[in-house]
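Have a look at the structure below, then the notes.
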Amino acid sequence: MSTQGLFASCETRPRVAVVGDIFVDISAKVHRLPEWDRDTEADYIEALPGGSALNQARQLHELGVTVKFFGAVGEDAFGKMLLAHVEGQGFPTELVKVLQVPSSICFVLSGPSDRGFVSCYSTTRAVGPEDLDDRTRSELQSCDHLHVGGYFNLPGMMKPGFTDFVRSCRQRGMTVSLNTQSDPSDAYTGTDGHILEMLPLTDLLFVNEREQHLIAAAVMPDGSTSPEALCQAYPELTLVVTRGEKGCQVVKCGQETLDVPTKPALHVVDATGAGDAFLAGFLSRWLSQPRGARNRAVLGDASELGQALALCCIGKKGACVKPVTLAEVQAE
16 MSTQGLFASC ETRPRVAVVG DIFVDISAKV HRLPEWDRDT EADYIEALPG
66 GSALNQARQL HELGVTVKFF GAVGEDAFGK MLLAHVEGQG FPTELVKVLQ
116 VPSSICFVLS GPSDRGFVSC YSTTRAVGPE DLDDRTRSEL QSCDHLHVGG
166 YFNLPGMMKP GFTDFVRSCR QRGMTVSLNT QSDPSDAYTG TDGHILEMLP
216 LTDLLFVNER EQHLIAAAVM PDGSTSPEAL CQAYPELTLV VTRGEKGCQV
266 VKCGQETLDV PTKPALHVVD ATGAGDAFLA GFLSRWLSQP RGARNRAVLG
316 DASELGQALA LCCIGKKGAC VKPVTLAEVQ AE
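So that you can map any letter, position 277 of the sequence shown is 292 in this note's numbering, and since no number is skipped, the others follow by simple counting.
Here it is in structure tokens:
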């Protein structure tokens, strides 16, 4: 798997429109969970840019992909801090919507053996297709590919207007990818079964094993939960299932399942953002090839690049502060 010359020139760089969630992650390293009416000391507390879609878009941008990003923050100090951070790295934020609600925040309490989360979904729930004004739609639809990230964090987008937007992107020749993340409601169908409208419009679906199982169980009429059954129901879909230390699996109707093992992680510092790094690596390699040439070999190569980025990500602290670079991958 070569990382040299991902894109031959500026003219061959894919243009990716990313629509999805933005969070400010407040991370605290603690040795025990807080108790009511007591203070709990933390080794550190830090604020990081978060949200699956934002971190996937930032990683794509770092890899040389031209990115147009749409999401929402609140008009508050957290939103301003996040935008200042990513703009300082050269990431484009001109399509980010500022809403009159608090920014979405995720408090991450990281303990000796596990983590706990406290989340506010204000902006991710408030943003909807009505926020895609004519200028934003035009900018996003000037791209080659549409990626929707953190789908289950975006109930406000689960409306006919967004389905129409995605369908319009496909009619313009754009390919479409979808990353769901886990569903806070545990329904795994989206509002009013919206995911049933999205799956036929999706070329690439990125999920982990648990998400794949739960989505299949929710949408398959016969209760089948296998990735093969899901792809048979949606024959245009390529399913990319991340499997942690077991690597990943790529499934497509009518083709032999592709199992791609990953190298063992020599040291794990922080697993935050590894899945986002994998997705960006996979997608950048997949998009670097002409549509008719995205064969089994390309899927394997894309998986390997994604896994290489994920390994770099978990091997350093604060991977969400600055995305993984190709130089870091080459140095491994």
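We put the beta carbon where it would ideally sit given N, CA and C, even for glycine.
From the options, residue whose alpha carbon lies closest to that of residue i
i: Ser137; options: Glu145, Leu114, Val31; result: Leu114
i: Ala248; options: Ala231, Gly105, Gly165, Arg258; result: Ala231
i: Arg33; options: Ala325, Ala72, Glu50, Gly103; result: Reading off the sequence, residue 33 comes out as Val, not Arg. Comparing Cα positions, the closest option is Ala72.
i: Thr204; options: Thr217, Met235, Ser183, Leu216; result: Met235
i: Gly86; options: Arg30, Ala68, Gly79; result: Ala68
i: Phe122; options: Ile60, Arg187, Gln186; result: Ile60
i: Thr139; options: Gly89, Gly105, Asp149; result: Gly89
i: Phe221; options: Ser200, Arg150, Leu294, Pro279; result: Leu294
i: Ile41; options: Glu50, Gly94, Val82; result: Gly94
i: Ser303; options: Ile210, Val80, Cys135; result: Val80
i: Thr217; options: Met189, Gln196, Pro242, Ser200; result: Met189
i: Leu169; options: Glu77, Asp237, Ser119, Glu271; result: Ser119
i: Glu347; options: Asp179, Pro305, Pro279, Thr195; result: Pro279
i: Arg306; options: Val163, Asp159, Asp52, Asp146; result: Asp159
i: Gly105; options: Arg187, Leu75, Arg53; result: Leu75
i: Glu77; options: Lys112, Asp207, Pro29; result: Pro29
i: Cys135; options: Asn310, Val163, Val39, Ser153; result: Val39
i: Val349; options: Asp237, Asp52, Ile210; result: An answer regarding residue 349 cannot be provided, because it is not within the stretch 16 to 347 covered by the chain.
i: Gln196; options: Gly165, Met96, Gly208; result: Gly165
i: Val82; options: Ala308, Asp52, Gly35, Ala202; result: Gly35
i: Asn194; options: Asp148, Leu252, Leu147, Asp179; result: Leu252
Close beta carbons around residue i, own chain, < 8 Å, minus the five adjacent residues each side
i: Thr18; result: Since pLDDT at Thr18 reaches only 48, below the 50 mark, its modelled position is unreliable, and the value read off the structure follows with that caveat. Excluding positions up to five away in sequence, the list reads Leu320, Ala323, Leu341, Val344, Gln345.
i: Cys184; result: Ala32, Leu155, Gln156, Leu161, Val191
i: Gly143; result: Gly171, Met172, Lys174, Gly176, Phe177
i: Glu102; result: Thr108
i: Arg258; result: Asn223, Glu224, Gln264
i: Pro276; result: Lys261, Gly262
i: Arg300; result: Leu21, Val313, Asp316, Ala317, Leu320, Gly321
i: Pro242; result: Gln227, Ala231, Leu254, Val256, Gln264, Val266, Thr272
i: Ala141; result: Ala87, Leu114, Val116, Gly171
i: Val181; result: Leu161, Val163, Val191, Met213, Leu216
i: Ala202; result: Ala233
One or two residues paired with residue i in a DSSP bridge
i: Asp40; result: Leu63, Cys121
i: Gln264; result: Val256, Asp274
i: Val113; result: Val88
i: Lys83; result: Ala32
i: Val45; result: Ala57
Same chain, Cβ closer than 7 Å to residue i, neighbours up to 5 away in sequence not counted
i: Leu124; result: Ala43, Val45, Leu48, Arg130, Gly131
i: Cys328; result: Gly288, Ala289, Ala292, Ala334, Val339
i: Thr240; result: His228, Ala231, Ala232
i: Leu314; result: Val265, Leu273
i: Ala198; result: Reading off the sequence shown, one finds Asp at residue 198, where the question assumed Ala. Contacts found: Phe167.
i: Phe297; result: Val255, Ala317, Ser318, Leu320, Gly321
i: Pro127; result: His46
i: Val336; result: Leu63
i: Ala244; result: Ala231, Met235
i: Thr151; result: Phe85, Leu110
i: Arg187; result: Gln156
i: Val133; result: Phe122
Delimiting residues of the alpha helix (DSSP H) encompassing residue i
i: Glu347; result: Taken as a continuous stretch (DSSP letters only), Glu347 belongs to no alpha helix (DSSP H), as it is neither H nor E.
i: Gln322; result: 311-329
i: Ser128; result: Note, Ser128: premise wrong, no alpha helix (DSSP H); not H, not E.
i: Phe297; result: 289-302
Proximal residues to residue i (C-beta, below 6 Å), its chain only, five neighbours per side dropped
i: Cys268; result: Cys246, Gln247, Pro250
i: Ile37; result: Gly66, Leu69, Gly86, Val88
i: Thr5; result: With the chain covering only 16 through 347, there is no way to say anything about residue 5.
Inset, instruction - Would you list, in sequence order, the uninterrupted alpha helix (DSSP H) runs of no fewer than 4 residues that lie entirely inside the segment 184-257? - result: 210-213, 224-234, 242-248
Inset, instruction - Entirely within the segment 131-189 and at least 4 residues each: give me those alpha helix (DSSP H) ranges in chain order. - result: 137-141, 149-155, 175-186
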